[in-house]
Structures are given as structure tokens and as C-alpha cells.
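Here is the structure we will look at, set down as C-alpha cells.
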Amino acid sequence: MRTVRAPATSANLGSGFDVFGVALDRPADVIRVEKASRTTIEVTGVGSQYIPEDPEKNVVGAVAEALDAPAHIQIDKGVRPSSGLGSSAASAAGAALALNALYDRGYSRSELVPAAAEGEAVVSGEAHVDNVAPALLGGFTVAREDEVTTVDTDISLVACLPEIAISTRDARRVVPTRADMEDVVHTVGSAATLAVGMCRSDPELVGRGMDERLVTPARSELITGYENVRTAALDAGATGVTVSGAGPSVLAACYPDDRRQVAAAMVDGFDDAGVEARAYQTRVG
Ligand code: HSE
Numbered sequence: 122m123r124t125v126r127a128p129a130t131s132a133n134l135g136s137g138f139d140v141f142g143v144a145l146d147r148p149a150d151v152i153r154v155e156k157a158s159r160t161t162i163e164v165t166g167v168g169s170q171y172i173p174e175d176p177e178k179n180v181v182g183a184v185a186e187a188l189d190a191p192a193h194i195q196i197d198k199g200v201r202p203s204s205g206l207g208s209s210a211a212s213a214a215g216a217a218l219a220l221n222a223l224y225d226r227g228y229s230r231s232e233l234v235p236a237a238a239e240g241e242a243v244v245s246g247e248a249h250v251d252n253v254a255p256a257l258l259g260g261f262t263v264a265r266e267d268e269v270t271t272v273d274t275d276i277s278l279v280a281c282l283p284e285i286a287i288s289t290r291d292a293r294r295v296v297p298t299r300a301d302m303e304d305v306v307h308t309v310g311s312a313a314t315l316a317v318g319m320c321r322s323d324p325e326l327v328g329r330g331m332d333e334r335l336v337t338p339a340r341s342e343l344i345t346g347y348e349n350v351r352t353a354a355l356d357a358g359a360t361g362v363t364v365s366g367a368g369p370s371v372l373a374a375c376y377p378d379d380r381r382q383v384a385a386a387m388v389d390g391f392d393d394a395g396v397e398a399r400a401y402q403t404r405v406g
């Protein structure tokens with residue numbers, strides 16, 4: 122038997138749509154695997170009632186197949202599904218690591234990224250790696266086609282999860298297919314600023330670099346109370362705010378000492394819009 126803790130992640134960070142990702146030090150899934158002649162899956166924990174246990178429909182079934190590693194796989198969910206916090210990626214990455222160890226396959230963490238991405242394809246229809254890469258490699262990750270680069274960083278974040286569910290498939294449908302050059306130039310500037318901020322562990326640069334006009338405006342419309350929460354977080358000291366992944370979680374960057382007040386302000390911001398929410402005070406892990 123092997124047991125692995127697999128972290129939540131936040132993709133995009135505003136300006137890095139389908140490119141940037143960070144591993145969060147909480148929440149997390151716990152994955153246990155035992156060798157078996159065919160793959161079976163058992164899911165417990167947060168939102169488990171919405172997750173199929175059929176290996177054809179569950180992310181970890183696809184991972185077990187990609188690694189040719191049949192097993193009984195227990196998933197204890199700490200990362201709520203449809204949260205924008207890389208729930209499926211946490212399970213896929215955890216299963217990839219655990220099965221790799223169980224069957225002594227000898228793959229490096231980087232080599233496991235494509236196998237874990239097969240799981241993502243089951244959920245969103247596309248094998249994008251911006252959540253599975255940080256879940257496996259940690260830190261801040263940049264995915265460019267098949268290449269993933271990673272850097273350790275020390276940035277404090279608050280991820281505020283409202284009682285709203287948005288599927289990645291639905292959130293991808295609202296992404297515009299065309300963009301003005303002016304907005305593209307602005308996004309490149311923000312993305313570069315954010316990347317420098319991560320390398321320097323500078324919350325001001327990371328916060329400013331979250332600003333983006335291509336994808337976030339369309340997606341934020343799906344999140345009741347988003348503008349309230351954004352304003353509340355900035356007033357409480359956040360250096361930048363954006364949609365976490367496909368949403369509905371809202372992600373704020375801040376200084377470590379401001380995390381508590383930013384978290385409280387974001388929960389209040391959702392509450393003012395009539396939406397219950399919980400905030401994770403976290404950091405890049
Ligand atoms: N980059 C993806 C998206 C991540 O924003 O659609 C979702 O898991």
C-alpha cells in the first residue's frame with residue numbers, strides 16, 4: 122500500500138491563462154493505492170457524492186491506465202470538486218505518484234506530468250497541465266506546450282471558495298476566441314511582471330501581474346459577488362485579486378501579515394452578495 126498527500130493548486134493567476142500554476146500548501150487530497158488485478162475506486166471526503174467511482178469516468182482511472190498500474194485506489198477528498206482549486210488535478214497527481222511508487226515504475230515527477238494530464242482530459246476534455254504540473258512539482262510552474270519550468274517562491278495567498286460550483290467545461294465556453302492586440306500586449310506585460318514577482322517572492326509584483334483583460338472579465342461574471350470580493354480584498358491589503366483556475370474560487374496575493382484580514386474581508390464580500398464562502402489562508406508550497 123502507498124499513501125500520498127496531493128495539494129490543491131491554482132492555475133492561470135490571471136495573466137497566465139493555461140500557462141501559470143502554483144501549488145498551495147492547503148487544502149489537499151489523500152490518495153491510497155493497493156495492487157489489484159483491475160482498477161477499482163473509492164471516494165470519500167468533501168464533495169465525494171459528486172465524483173464517479175467508475176474508473177472510466179474518474180480521473181484516477183485514466184492515470185492508472187496510462188501507467189499500466191491497476192489498483193484499488195482510495196481518494197479522500199480535501200479539495201472540493203468544481204472549486205477552481207485543481208480538485209481533479211490533485212487526485213490525478215496523487216494517483217500518479219502513488220502508483221509510480223507502488224509498481225516501482227521509476228518515473229521522475231516531471232515524467233509523470235503527461236500521465237496525470239490524461240486524468241484532466243477526462244474532466245475538462247483537454248489534457249492541460251497547468252494544475253497537474255504544480256501538484257506534482259510544487260512551487261510556481263510555467264507550462265509552454267510540452268515544456269514545464271518551475272521555480273520555488275515564497276508568496277502568501279488567500280483562496281476564497283464560495284458555495285457555487287462551476288465546471289471547467291462551462292468556464293472554458295465563455296473564454297473569448299479573439300483578442301485586441303492592445304489587450305494582448307497588456308497581458309504579456311502582466312504575465313512577465315508576475316513571473317519576475319514569483320522569482321523575487323515579491324507580493325507587489327505578483328499582485329500587479331494578476332491584472333488581465335482577456336479571460337478574467339468573462340469568467341468573473343459567472344461568480345456571484347466577484348466584484349464585491351475583489352474590492353473587499355484590495356481594501357484589506359491584498360496586492361492583487363483574480364479568479365482561481367476556472368473559478369469559482371477567488372485568489373488574492375498579499376503580505377503574510379495581511380492574510381487573516383484579507384481572508385475575513387473576502388468571506389464578508391461573498392456574504393454581502395448572499396453567498397456562503399470559506400477562505401484558505403495559504404502560501405505557495
Ligand atoms: N487553465 C484551465 C482553465 C485550468 O482556466 O480553464 C482549469 O482547471
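As numbered in this note's numbering, residues 122 to 406 make up the sequence shown, in order. Using N, Cα and C, we set each Cβ at its ideal position, and we do this for glycine too.
Identify whether residue i lies in helix, strand or coil by the three-state DSSP scheme.
i	result
residue 261	strand
residue 137	coil
residue 377	helix
residue 366	coil
residue 347	helix
residue 333	coil
residue 146	strand
residue 240	helix
residue 361	strand
residue 295	coil
residue 155	strand
At which residues does the beta strand (DSSP E) containing residue i begin and terminate?
i	result
residue 282	277-283
residue 197	192-198
residue 268	268-272
residue 165	161-166
residue 128	123-132
If residue i sits next to residue j, beta carbons under 8 angstroms apart, how far is it from one beta carbon to the other, in whole angstroms?
i	j	result
residue 151	residue 225	Not really, about 21 angstroms apart at Cβ, beyond 8 angstroms.
residue 278	residue 210	So it is not a contact: roughly 17 angstroms between Cβ atoms.
residue 359	residue 383	5 angstroms
residue 143	residue 324	Rounded, the Cβ-Cβ distance is 13 angstroms, inconsistent with contact.
residue 163	residue 174	6 angstroms
residue 361	residue 331	4 angstroms
residue 315	residue 326	7 angstroms
residue 311	residue 136	4 angstroms
residue 391	residue 320	Not quite, the Cβ-Cβ distance comes to about 32 angstroms (not below 8 angstroms), so this is no contact.
residue 263	residue 274	Going by Cβ atoms, the distance from residue 263 to residue 274 rounds to 12 angstroms, so no, they are not a contact pair.
residue 369	residue 166	Not really, about 19 angstroms apart at Cβ, beyond 8 angstroms.
residue 372	residue 131	5 angstroms
residue 140	residue 251	6 angstroms
residue 339	residue 283	The Cβ separation is near 18 angstroms, so there is no contact.
residue 328	residue 145	About 16 angstroms separates the two Cβ atoms, so there is no contact after all.
residue 128	residue 149	5 angstroms
residue 260	residue 272	6 angstroms
residue 389	residue 353	6 angstroms
residue 367	residue 313	Not a contact, Cβ separation roughly 23 angstroms.
For residue i, I'd like the list of residues in its chain whose CB is within less than 7 angstroms of its CB, leaving aside the five on either flank, ordered along the chain.
i	result
residue 246	290
residue 380	277, 279, 402
residue 394	345, 346, 349
residue 355	362
residue 192	154, 155, 156, 157, 160, 185, 220, 223
residue 248	238, 239, 241, 242
Please list, in chain order, all residues of the same chain as residue i whose beta carbon is under 6 angstroms from its beta carbon, the five residues on each side excluded.
i	result
residue 240	180, 183, 184, 213
residue 138	336
residue 222	123
Within the continuous alpha helix (DSSP H) that includes residue i, where are the two ends?
i	result
residue 209	208-223
residue 398	Note, residue 398: premise wrong, no alpha helix (DSSP H); beta strand (DSSP E) at 398-404.
residue 314	302-321
residue 286	Run containing residue 286: none; DSSP gives neither H nor E here.
residue 247	Where residue 247 is concerned, there is no enclosing alpha helix (DSSP H), given that its DSSP letter is neither H nor E.
residue 186	180-187
Counting only the same chain and skipping the five closest in sequence on each side, list residues whose C-beta sits under 8 angstroms from that of residue i.
i	result
residue 257	214, 217, 218, 230, 231, 233, 234, 237
Nearer than 7 angstroms: is that true of the beta carbon of residue i relative to any heavy atom of the ligand MN?
i	result
residue 298	Ligands displayed in this structure: the ligand HSE; the ligand MN is not among them.
Step through the CB atoms of chain C and report whether any lies within less than 8 angstroms of the CB of residue i.
i	result
residue 390	Protein chain content of the structure displayed is limited to a single chain, and chain C is not contained in it.
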